[in-house]
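Position in the sequence shown counted from 1, then plus 187, gives you my numbering. Read through the structure below, which is laid out as C-alpha coordinates, and then see the notes.
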Amino acid sequence: MILAKADMLHSQCSRRTALRGLALGVCGWSTSSWLPALADVASGTGRRPKSVILLWLNGGPATIDLWDLKPGNSNGGPFQEIATSVPGMQISEHLPLLATHATDFSIVRSMSTREGDHSRARFVSLTGYTPQGAIKFPAVGSLVAREFNVANDIPSYVHIGGRPTVTGGGFLGPQFAPFIVGGRGRRDGAGPDVANLKVADLVPAAADQQTERLELQASLRSLSTLPASSVNDALESARERAQRLMNPSAASAFDLGEETPALREAYGPGTFGQGCLMARRLVERSVSFVEVALDGWDTHANNFERVKALSQQLDRAC
(Lines of atoms letter the chains of each structure in order from A and count residues from 1; the text may use other names and numbers.)
(Lines give C-alpha, C1' and ligand atoms only; values in the text may rest on other atoms or scores of the structure.)
Protein backbone atom coordinates (compact mmCIF):
# COMPACT_ATOMS: atom_id res chain seq x y z
CA MET A 1 0.00 0.00 0.00
CA ILE A 2 1.36 3.45 -0.92
CA LEU A 3 0.04 6.43 1.04
CA ALA A 4 2.08 8.99 -0.90
CA LYS A 5 4.23 8.84 -3.98
CA ALA A 6 7.97 9.18 -3.54
CA ASP A 7 8.12 12.27 -5.75
CA MET A 8 6.41 14.21 -2.97
CA LEU A 9 9.80 14.22 -1.26
CA HIS A 10 12.10 13.94 -4.25
CA SER A 11 12.65 17.64 -4.82
CA GLN A 12 13.23 18.28 -1.14
CA CYS A 13 15.01 15.16 0.06
CA SER A 14 17.32 13.04 -2.09
CA ARG A 15 18.47 9.54 -1.13
CA ARG A 16 21.97 10.84 -0.37
CA THR A 17 20.55 13.60 1.83
CA ALA A 18 18.41 11.09 3.68
CA LEU A 19 21.34 8.75 4.33
CA ARG A 20 23.48 11.65 5.49
CA GLY A 21 20.71 12.72 7.81
CA LEU A 22 20.48 9.22 9.27
CA ALA A 23 24.22 9.16 9.89
CA LEU A 24 24.22 12.56 11.55
CA GLY A 25 21.26 11.47 13.59
CA VAL A 26 23.62 9.43 15.77
CA CYS A 27 24.91 12.71 17.14
CA GLY A 28 21.62 14.57 17.11
CA TRP A 29 18.52 14.93 14.96
CA SER A 30 18.81 18.70 14.92
CA THR A 31 21.56 18.49 12.27
CA SER A 32 19.40 16.48 9.85
CA SER A 33 18.24 18.30 6.74
CA TRP A 34 15.60 15.76 5.71
CA LEU A 35 13.39 15.96 8.78
CA PRO A 36 12.17 19.46 7.90
CA ALA A 37 11.22 18.15 4.45
CA LEU A 38 9.19 15.37 6.03
CA ALA A 39 7.61 17.86 8.42
CA ASP A 40 6.64 20.12 5.53
CA VAL A 41 4.89 17.27 3.76
CA ALA A 42 3.14 16.17 6.94
CA SER A 43 1.97 19.71 7.67
CA GLY A 44 0.38 20.02 4.27
CA THR A 45 2.78 22.48 2.67
CA GLY A 46 3.55 19.92 -0.03
CA ARG A 47 1.07 18.24 -2.34
CA ARG A 48 -2.41 17.44 -1.14
CA PRO A 49 -2.58 13.90 0.30
CA LYS A 50 -4.30 11.52 -2.06
CA SER A 51 -6.94 8.99 -1.18
CA VAL A 52 -6.00 5.38 -0.49
CA ILE A 53 -7.63 2.34 -2.09
CA LEU A 54 -6.52 -0.85 -0.33
CA LEU A 55 -7.22 -4.08 -2.22
CA TRP A 56 -7.42 -6.67 0.55
CA LEU A 57 -6.71 -10.18 -0.78
CA ASN A 58 -8.15 -12.14 2.10
CA GLY A 59 -6.30 -15.34 2.93
CA GLY A 60 -2.99 -14.10 1.59
CA PRO A 61 -1.82 -15.00 -1.94
CA ALA A 62 1.50 -16.81 -2.20
CA THR A 63 4.24 -14.44 -3.31
CA ILE A 64 5.82 -17.07 -5.56
CA ASP A 65 2.55 -17.37 -7.51
CA LEU A 66 2.15 -13.65 -8.24
CA TRP A 67 5.15 -11.38 -7.73
CA ASP A 68 8.28 -13.53 -7.30
CA LEU A 69 7.88 -16.59 -9.47
CA LYS A 70 10.62 -19.19 -9.61
CA PRO A 71 10.09 -21.11 -12.86
CA GLY A 72 12.39 -24.08 -13.33
CA ASN A 73 13.19 -24.35 -9.63
CA SER A 74 12.08 -27.13 -7.31
CA ASN A 75 10.00 -24.71 -5.24
CA GLY A 76 8.42 -23.03 -8.27
CA GLY A 77 4.98 -23.70 -9.69
CA PRO A 78 3.65 -24.07 -13.24
CA PHE A 79 3.06 -20.35 -13.80
CA GLN A 80 5.38 -18.45 -16.12
CA GLU A 81 6.83 -14.97 -15.74
CA ILE A 82 5.99 -12.15 -18.10
CA ALA A 83 7.82 -8.88 -18.61
CA THR A 84 6.33 -5.64 -17.32
CA SER A 85 6.67 -2.02 -18.33
CA VAL A 86 9.54 -1.77 -15.82
CA PRO A 87 12.79 -3.30 -17.10
CA GLY A 88 13.84 -6.26 -14.97
CA MET A 89 10.48 -6.66 -13.23
CA GLN A 90 8.53 -9.83 -14.01
CA ILE A 91 5.20 -10.95 -12.58
CA SER A 92 2.73 -13.77 -13.12
CA GLU A 93 1.46 -14.50 -16.62
CA HIS A 94 -2.07 -14.23 -15.22
CA LEU A 95 -1.63 -10.50 -14.50
CA PRO A 96 -1.09 -9.15 -18.04
CA LEU A 97 -2.98 -5.89 -17.54
CA LEU A 98 -1.12 -5.08 -14.33
CA ALA A 99 2.14 -5.78 -16.15
CA THR A 100 1.46 -2.88 -18.50
CA HIS A 101 1.07 -0.51 -15.53
CA ALA A 102 4.14 -1.55 -13.55
CA THR A 103 5.46 2.01 -13.55
CA ASP A 104 2.52 2.90 -11.31
CA PHE A 105 3.20 0.44 -8.48
CA SER A 106 6.03 -0.98 -6.40
CA ILE A 107 6.73 -4.50 -5.19
CA VAL A 108 8.04 -4.52 -1.62
CA ARG A 109 10.18 -7.60 -1.02
CA SER A 110 11.58 -6.71 2.40
CA MET A 111 8.43 -7.25 4.48
CA SER A 112 8.40 -10.27 6.76
CA THR A 113 6.50 -11.50 9.80
CA ARG A 114 6.55 -14.43 12.19
CA GLU A 115 2.79 -14.48 12.51
CA GLY A 116 1.46 -17.76 11.10
CA ASP A 117 -2.14 -17.41 12.23
CA HIS A 118 -4.45 -15.76 9.71
CA SER A 119 -6.47 -13.68 12.17
CA ARG A 120 -3.39 -12.38 14.00
CA ALA A 121 -1.58 -11.67 10.73
CA ARG A 122 -4.56 -9.72 9.41
CA PHE A 123 -4.66 -7.67 12.59
CA VAL A 124 -0.93 -6.91 12.43
CA SER A 125 -1.16 -5.95 8.76
CA LEU A 126 -3.99 -3.49 9.34
CA THR A 127 -2.99 -1.99 12.69
CA GLY A 128 0.77 -2.44 12.98
CA TYR A 129 0.33 -4.16 16.35
CA THR A 130 -0.21 -7.68 17.60
CA PRO A 131 -3.49 -8.16 19.51
CA GLN A 132 -2.95 -6.95 23.08
CA GLY A 133 -5.88 -7.72 25.30
CA ALA A 134 -8.10 -4.76 26.09
CA ILE A 135 -6.22 -2.24 23.94
CA LYS A 136 -8.32 -1.52 20.87
CA PHE A 137 -5.95 -0.47 18.11
CA PRO A 138 -7.49 1.26 15.09
CA ALA A 139 -6.97 0.00 11.56
CA VAL A 140 -4.92 2.06 9.14
CA GLY A 141 -8.14 3.15 7.45
CA SER A 142 -9.35 4.70 10.69
CA LEU A 143 -6.03 6.51 11.14
CA VAL A 144 -6.13 7.92 7.63
CA ALA A 145 -9.77 8.94 8.07
CA ARG A 146 -8.88 10.82 11.24
CA GLU A 147 -5.87 12.62 9.79
CA PHE A 148 -7.34 13.45 6.39
CA ASN A 149 -11.03 13.68 7.21
CA VAL A 150 -12.94 15.59 4.55
CA ALA A 151 -16.14 17.30 5.58
CA ASN A 152 -18.76 15.75 3.33
CA ASP A 153 -21.77 13.47 3.63
CA ILE A 154 -19.86 10.26 2.86
CA PRO A 155 -17.87 8.48 5.60
CA SER A 156 -14.10 8.94 5.28
CA TYR A 157 -13.42 5.20 5.65
CA VAL A 158 -15.42 2.71 3.58
CA HIS A 159 -15.01 -1.08 3.44
CA ILE A 160 -16.49 -2.91 0.44
CA GLY A 161 -17.11 -6.66 0.44
CA GLY A 162 -17.67 -8.73 3.55
CA ARG A 163 -16.81 -8.00 7.14
CA PRO A 164 -13.57 -6.09 7.79
CA THR A 165 -10.91 -7.51 10.09
CA VAL A 166 -11.06 -4.50 12.42
CA THR A 167 -14.69 -3.46 12.66
CA GLY A 168 -14.50 -0.53 15.06
CA GLY A 169 -12.50 2.66 15.16
CA GLY A 170 -10.37 1.40 18.03
CA PHE A 171 -9.37 3.98 20.60
CA LEU A 172 -10.06 6.73 18.02
CA GLY A 173 -13.78 6.22 18.53
CA PRO A 174 -16.73 4.86 16.53
CA GLN A 175 -16.85 7.87 14.23
CA PHE A 176 -13.75 6.47 12.51
CA ALA A 177 -15.04 2.91 12.14
CA PRO A 178 -15.39 1.62 8.58
CA PHE A 179 -18.68 2.10 6.80
CA ILE A 180 -19.43 -1.37 5.43
CA VAL A 181 -20.89 -1.94 1.97
CA GLY A 182 -21.89 -5.49 1.03
CA GLY A 183 -22.03 -7.87 3.96
CA ARG A 184 -21.36 -11.03 1.98
CA GLY A 185 -20.44 -12.43 -1.40
CA ARG A 186 -16.83 -11.35 -1.79
CA ARG A 187 -16.08 -14.15 -4.25
CA ASP A 188 -17.03 -14.00 -7.89
CA GLY A 189 -20.54 -15.31 -7.33
CA ALA A 190 -22.59 -12.19 -7.85
CA GLY A 191 -24.36 -11.37 -11.07
CA PRO A 192 -23.88 -8.22 -13.11
CA ASP A 193 -26.39 -6.34 -10.96
CA VAL A 194 -24.18 -6.91 -7.90
CA ALA A 195 -27.01 -6.91 -5.39
CA ASN A 196 -24.49 -7.62 -2.65
CA LEU A 197 -22.98 -4.16 -3.06
CA LYS A 198 -26.12 -2.36 -2.02
CA VAL A 199 -25.75 -0.04 0.94
CA ALA A 200 -27.87 -1.55 3.69
CA ASP A 201 -31.08 0.32 4.52
CA LEU A 202 -30.26 3.16 2.15
CA VAL A 203 -33.88 3.59 1.07
CA PRO A 204 -34.85 7.00 -0.28
CA ALA A 205 -37.69 8.88 1.33
CA ALA A 206 -39.51 12.06 0.46
CA ALA A 207 -37.95 15.25 1.77
CA ASP A 208 -40.88 16.04 4.07
CA GLN A 209 -40.79 12.51 5.49
CA GLN A 210 -37.09 12.84 6.22
CA THR A 211 -37.64 16.15 7.98
CA GLU A 212 -40.43 14.73 10.13
CA ARG A 213 -38.38 11.69 11.08
CA LEU A 214 -35.34 13.75 12.02
CA GLU A 215 -37.44 16.10 14.13
CA LEU A 216 -39.01 13.13 15.90
CA GLN A 217 -35.61 11.58 16.56
CA ALA A 218 -34.29 14.85 17.94
CA SER A 219 -37.23 15.21 20.31
CA LEU A 220 -36.83 11.65 21.55
CA ARG A 221 -33.11 12.12 22.14
CA SER A 222 -33.81 15.23 24.18
CA LEU A 223 -35.85 13.06 26.56
CA SER A 224 -33.15 10.43 26.89
CA THR A 225 -31.54 9.91 30.28
CA LEU A 226 -28.96 7.39 29.11
CA PRO A 227 -25.53 7.98 30.65
CA ALA A 228 -22.57 8.68 28.42
CA SER A 229 -20.87 5.48 27.27
CA SER A 230 -18.99 4.04 24.32
CA VAL A 231 -22.13 2.16 23.28
CA ASN A 232 -24.22 5.32 23.23
CA ASP A 233 -21.45 7.16 21.39
CA ALA A 234 -21.44 4.41 18.75
CA LEU A 235 -25.21 4.67 18.37
CA GLU A 236 -25.02 8.42 17.98
CA SER A 237 -22.22 8.11 15.43
CA ALA A 238 -24.25 5.59 13.42
CA ARG A 239 -27.28 7.88 13.52
CA GLU A 240 -25.27 10.82 12.24
CA ARG A 241 -23.82 8.73 9.42
CA ALA A 242 -27.25 7.54 8.37
CA GLN A 243 -28.57 11.08 8.43
CA ARG A 244 -25.75 12.33 6.20
CA LEU A 245 -26.29 9.47 3.76
CA MET A 246 -29.87 10.61 3.23
CA ASN A 247 -28.39 13.38 1.14
CA PRO A 248 -28.99 12.43 -2.52
CA SER A 249 -25.43 13.38 -3.48
CA ALA A 250 -24.06 10.96 -0.89
CA ALA A 251 -26.30 8.11 -2.00
CA SER A 252 -25.29 8.80 -5.59
CA ALA A 253 -21.66 7.90 -4.83
CA PHE A 254 -22.71 4.30 -4.20
CA ASP A 255 -24.97 4.01 -7.25
CA LEU A 256 -23.12 2.01 -9.90
CA GLY A 257 -26.13 2.34 -12.17
CA GLU A 258 -24.85 5.80 -13.06
CA GLU A 259 -21.87 4.24 -14.86
CA THR A 260 -21.99 3.09 -18.47
CA PRO A 261 -22.39 -0.65 -19.13
CA ALA A 262 -19.07 -0.65 -20.97
CA LEU A 263 -17.17 0.73 -17.97
CA ARG A 264 -18.84 -1.69 -15.58
CA GLU A 265 -17.97 -4.57 -17.87
CA ALA A 266 -14.35 -3.42 -18.00
CA TYR A 267 -14.02 -3.84 -14.22
CA GLY A 268 -15.54 -7.32 -14.25
CA PRO A 269 -19.03 -8.53 -13.27
CA GLY A 270 -18.23 -9.86 -9.79
CA THR A 271 -18.49 -8.07 -6.48
CA PHE A 272 -14.74 -7.39 -6.38
CA GLY A 273 -14.56 -5.77 -9.79
CA GLN A 274 -17.68 -3.70 -9.19
CA GLY A 275 -16.37 -2.89 -5.71
CA CYS A 276 -13.22 -1.44 -7.27
CA LEU A 277 -15.37 0.70 -9.54
CA MET A 278 -17.31 1.88 -6.50
CA ALA A 279 -14.00 2.68 -4.77
CA ARG A 280 -13.05 4.83 -7.74
CA ARG A 281 -16.34 6.72 -7.47
CA LEU A 282 -15.77 7.28 -3.76
CA VAL A 283 -12.23 8.65 -4.02
CA GLU A 284 -13.42 10.94 -6.81
CA ARG A 285 -15.65 12.39 -4.08
CA SER A 286 -12.68 12.82 -1.71
CA VAL A 287 -13.27 9.77 0.50
CA SER A 288 -9.95 9.29 2.30
CA PHE A 289 -9.70 5.50 2.55
CA VAL A 290 -11.53 2.73 0.70
CA GLU A 291 -10.86 -0.96 1.29
CA VAL A 292 -12.06 -3.56 -1.23
CA ALA A 293 -11.88 -7.23 -0.20
CA LEU A 294 -11.50 -10.30 -2.39
CA ASP A 295 -11.90 -13.55 -0.48
CA GLY A 296 -10.58 -17.01 -1.30
CA TRP A 297 -6.77 -16.64 -1.33
CA ASP A 298 -6.21 -19.26 1.37
CA THR A 299 -5.62 -21.81 -1.39
CA HIS A 300 -4.41 -24.96 0.35
CA ALA A 301 -6.46 -27.13 -2.02
CA ASN A 302 -6.37 -26.90 -5.82
CA ASN A 303 -3.98 -23.97 -5.44
CA PHE A 304 -2.97 -23.21 -9.01
CA GLU A 305 -6.43 -23.31 -10.56
CA ARG A 306 -7.84 -21.12 -7.80
CA VAL A 307 -4.96 -18.64 -7.92
CA LYS A 308 -5.34 -18.39 -11.70
CA ALA A 309 -9.06 -17.58 -11.42
CA LEU A 310 -8.52 -15.08 -8.60
CA SER A 311 -5.61 -13.46 -10.44
CA GLN A 312 -7.83 -12.86 -13.44
CA GLN A 313 -10.35 -11.05 -11.23
CA LEU A 314 -7.60 -8.97 -9.65
CA ASP A 315 -5.98 -8.12 -12.97
CA ARG A 316 -9.20 -7.00 -14.58
CA ALA A 317 -10.39 -4.87 -11.67
CA CYS A 318 -7.11 -3.03 -11.19
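We put the CB at the ideal spot given by N, CA and C, even for glycine.
query	result
What's the gap between the Cα of Leu253 and the Cα of Arg296?	12 Å
Assuming Ala286 and Ile269 are in contact, meaning their beta carbons sit under 8 Å apart, how far apart are those beta carbons, in whole angstroms?	6 Å
Measure the CB-CB distance between Leu543 and Val353 and report whether it falls below 9 Å.	An answer regarding residue 543 cannot be provided, because it is not within the stretch 188 to 505 covered by the chain.
Are Glu445 and Ser436 close, meaning C-beta to C-beta below 9 Å?	no
Could you name the residues that DSSP lists as bridge partners for Ile347?	Val368, Val479
With the cut-off set at 9 Å, would you say Ile341 and Leu443 are in Cβ contact?	no
Do you know offhand how far Asn489's Cα is from Gly483's?	12 Å
Apply the 10 Å Cβ neighbour rule to Thr271 and answer buried if 16 or more other Cβ atoms are within range, or exposed otherwise.	buried
Helix, strand or coil: how does DSSP classify Gln499 here?	helix
For the structure I just gave you, are there three or more beta carbon pairs, one from the stretch 486-503 and one from the stretch 451-470, closer than 8 Å?	yes
Just list the beta strand (DSSP E) runs in the stretch 437-485, keeping only unbroken ones of 3 residues or longer that don't cross its boundaries, in chain order.	476-481
Quick check on DSSP: helix, strand or coil for Ile341?	coil
Classify Asn245 as buried or exposed, calling it buried when 16 or more other Cβ atoms lie within 10 Å of its own Cβ.	buried
My parser needs the alpha helix (DSSP H) runs of 4 or more residues fully inside the stretch 232-279; what are they?	250-253
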